[in-house]
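Protein chains in written order, with this note's numbering: chain A, 345 to 700; chain B, 345 to 700; chain C, 345 to 700.
Cβ atoms here follow ideal geometry from the backbone N, Cα and C, with glycine treated the same way.
All values derive from a computational prediction rather than experimental measurement.
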């Protein structure tokens, strides 16, 4: 748990910051954010998942951000956390976290003499390049970007402004990253697409002459892999967030503001609309399109185009409500088969019954 | 999109290169390869997936490689792409890509003074070792191999000729790579196998004293992991291509010319024949054998031996045609249960009917 | 196959080391461990999986460790391997492997002048830090720990004694590792949790101000990712072993002595009891608890709390015995539907039959 970077604030100041309503002691000073069950009197916590509502009655937090539907607690002790009511307590708490703690600060080390930066590379102002980073020929790095140790940026790659490239991430040649892009450790952007032309039993490697384009505000999780296009570009549009160990095949076109959770795999040339959510371990076949706003439950197997606004689940993926019925029946299969057997027996008995 | 490395060619020259037949302007000059919808008059494209056939009518490509079954287009405009007909347009296009673009070129930097190469290591001729690569004691690197930044080759490992080891790949001690092996970024070859002897509730680590052997022409995707054998060797045979984030357990023996697509996981001591294809996210249990030429659909769960030449799918894996019927019934389960309920009711009604 | 590090031993000495009973030549000298089918007269092998029992009749091993239920072989040749009978041959063989081979030895290189170690970092005695490792400000590294090349340990991280951090592993700021922790290559400990507060269509990054705590004797496989907590800590308790490409979401609390096999994914805030086993590719939803001693079959999808001591399997996860029946019925679905159709037809025929 890192200390808060910033000054303490009163409950009232925090409520004003998020446009919330205070119930209780508005003058209490809050120094940091913390979980409901760990928080103390100088800490602020939040409740957005009703699964944890019971902790409201016991938390020692100085303040709790809650939804507008919560105004009371059932306390057994004398402590009274202040409440800040807002319409979206999760988002409000995010704003308070940023206010009190900020994001990870990046040491202003400049360009380490232990980094290798090609003479033809163009490096912006305020860039920090850590020891043992490698910036290739003709690469570009925008202002205020942080390049951590053991990052490789191959020749001709372009990195925008205010990016954070964590240790051991790799950006292959000619790939393009927008502004405020974050690559967590071990992320690989632009490795060769999995393209082979099989002829007489030999898998002949197809030169992958395209690249990867990550638009502004994309975040890529640790050890996630985005293949470069065979030709043209594999594209991840603005604001999309990829979890860890995700694999994006070559020539995919991922829309804006998607959430692709850890271990999702998307085969080549698939595309998604905007605000698509694929939960953990979802698999998507190649050459298909997932429409805007589609949400897929964890482990779904998507093998055909999905129309916009659908909630889906299961393998093969189905309408989510239908999938729930299917899986409910699925786990009852032994009973279903037993009932079928009974029906068969009853029918045999009926048939065998001598007609009068 | 990288520029073509090589000289332009006429349509006729390209057709001759792949043994194809020209329909249309054979003298047109082609400078590069490109996708059907992006290509211009100096570009060549291809059509092998009939899903994209409609683009033939609108593409502005100078030339398109097509199958022998395609000889006409339905153009609304005046442009006429030349066609090169071949029996296997995907393979023909691969040959043209290699001709016009070649593979990624590797800077002839020699052995960087910023790399660490053990004195006892044996390095071949024409080898490029980038800054911050580490080559351990008694390791060997064959002629013309490229070792990118942040690669670690631990003691006693042997790398063949003409290999490409991309940034941050790791080769553990004593592992052996053949010639023309490619490791994409973050690939790990020869980490300890997942071997523990559980005794009185403690998982005791079993020394993993074997190694990994990758035969010639193996390619390993980004962040893919191949565990070293507990004893003896984990083996990947000639020509096999692994996607990204694949995991191969210790003591596996993967046959020649397999395609193991991204996120496939194979548990310890499993083996495969030649030309096996496992699509994305397939899981394979330990200690089993998958026969020659088997092809498994994405997300299959393989928990028993598979006979050669089978196409399989599903979890648990089944004959593919059967699997399709099963999954078709599966998504109809609510309807099936409804029909069963109706049958039960009808039967009750029949039984209750007073016999005359 | 690495050579044994240690002196040869007689069969009798080995039997005494593991508390076993010798059948056959107790004076034979054994130099190394090997697989049943590769072993020679100076090698010791083992049989714990009855699938391989047939090899007992042909192995050329000098000695084989077997269970107490095995005392004879059906040999066609004149060779007689000595047998060492024990109650737990797998564990006994592990002890013999450690005795004859030991674990990987780590070169006593001290702190490489090519590593970057912050002046404020505290480094214990007997620590080996390889070239191009980076140890951040205020980080701590305990006695006898090995830090391999290209490891990044960010500011404030604490590493215990006798740890092994293999090449390119990354430990983010403020994370805490106990003693004897092993990180295989490419493991990432403490990257940002996947936390975003979505507001008006924008996914706002939530500062992840917690950390990761790995207790003593935890092993983390290659390219496995453990997210830092949003607040407080993501915790992996003592003795737990993670395979490769596992993903542990933020704020998870994984119990003692778990085995989480390769490609398992656990969503945020889930927790497990002690001695939980999750086989390969299992997925676990967020905010749930898996009880002590639960074992889940490969590819299971766990979406609700699991009571202690359950063996489970399937998606959605079920009692394992029930799951086996369900999947048996599942693959018979086409036949089940056919039977239902026949029942429907017979019923129609009965209904249509003119009553006398």
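Short CB-CB distance (under 9 Å) between residue i and chain C
i, result
"residue 529 (chain A)", "yes"
"residue 489 (chain A)", "no"
"residue 549 (chain B)", "yes"
"residue 454 (chain B)", "no"
"residue 542 (chain B)", "yes"
"residue 512 (chain B)", "yes"
"residue 678 (chain B)", "no"
Minimum Cβ-Cβ distance from residue i to chain B less than 9 Å
i, result
"residue 401 (chain C)", "no"
"residue 589 (chain A)", "yes"
"residue 517 (chain A)", "yes"
"residue 563 (chain C)", "yes"
"residue 363 (chain C)", "no"
"residue 659 (chain A)", "yes"
"residue 473 (chain A)", "no"
Option nearest residue i by Cα separation, candidates the options
i, options, result
"residue 422 (chain B)", "B:437, B:402, B:429 and B:414", "B:402"
"residue 442 (chain A)", "A:585, A:689 and A:376", "A:376"
"residue 386 (chain B)", "B:351, B:696, B:475 and B:363", "B:351"
"residue 577 (chain B)", "B:613, B:677, B:390 and B:626", "B:613"
"residue 528 (chain A)", "C:531, C:527 and C:526", "C:531"
"residue 617 (chain C)", "C:684, C:580, C:562 and C:587", "C:580"
"residue 571 (chain B)", "B:449, B:590, B:541 and B:472", "B:590"
"residue 638 (chain A)", "A:467, A:625, A:661 and A:487", "A:661"
"residue 464 (chain B)", "B:502, B:541, B:370 and B:415", "B:502"
"residue 633 (chain A)", "A:480, A:663, A:648 and A:481", "A:648"
"residue 357 (chain A)", "A:607, A:426, A:559 and A:468", "A:426"
"residue 466 (chain A)", "A:459, A:479, A:389 and A:359", "A:479"
Per DSSP, cross-strand counterpart(s) of residue i
i, result
"residue 563 (chain A)", "A:526 and A:585"
"residue 487 (chain B)", "Paired residue(s): none; residue 487 (chain B) is not in a bridge."
"residue 627 (chain A)", "A:609 and A:645"
"residue 430 (chain B)", "B:411"
"residue 662 (chain A)", "A:657"
"residue 535 (chain A)", "A:571"
"residue 616 (chain A)", "A:634"
"residue 640 (chain A)", "A:622 and A:656"
"residue 540 (chain B)", "B:549"
"residue 577 (chain A)", "A:555"
Assigned secondary structure, residue i (DSSP; H/G/I helix, E/B strand, else coil)
i, result
"residue 394 (chain A)", "helix"
"residue 607 (chain C)", "coil"
"residue 420 (chain C)", "coil"
"residue 499 (chain C)", "coil"
"residue 471 (chain C)", "coil"
"residue 548 (chain B)", "strand"
"residue 674 (chain C)", "helix"
"residue 342 (chain A)", "A question about residue 342 (chain A) goes unanswered here, because the residues of chain A that appear run from 345 up to 700."
"residue 450 (chain C)", "coil"
"residue 590 (chain C)", "coil"
Exposure label - residue i; buried when at least 16 CB within 10 Å
i, result
"residue 457 (chain B)", "exposed"
"residue 656 (chain C)", "buried"
"residue 378 (chain C)", "buried"
"residue 454 (chain C)", "exposed"
"residue 431 (chain B)", "exposed"
"residue 685 (chain B)", "exposed"
"residue 452 (chain C)", "exposed"
"residue 420 (chain C)", "exposed"
"residue 381 (chain C)", "exposed"
Short CB-CB distance (under 9 Å) between residue i and chain A
i, result
"residue 538 (chain C)", "yes"
"residue 642 (chain B)", "yes"
"residue 638 (chain C)", "no"
"residue 377 (chain B)", "yes"
"residue 601 (chain B)", "yes"
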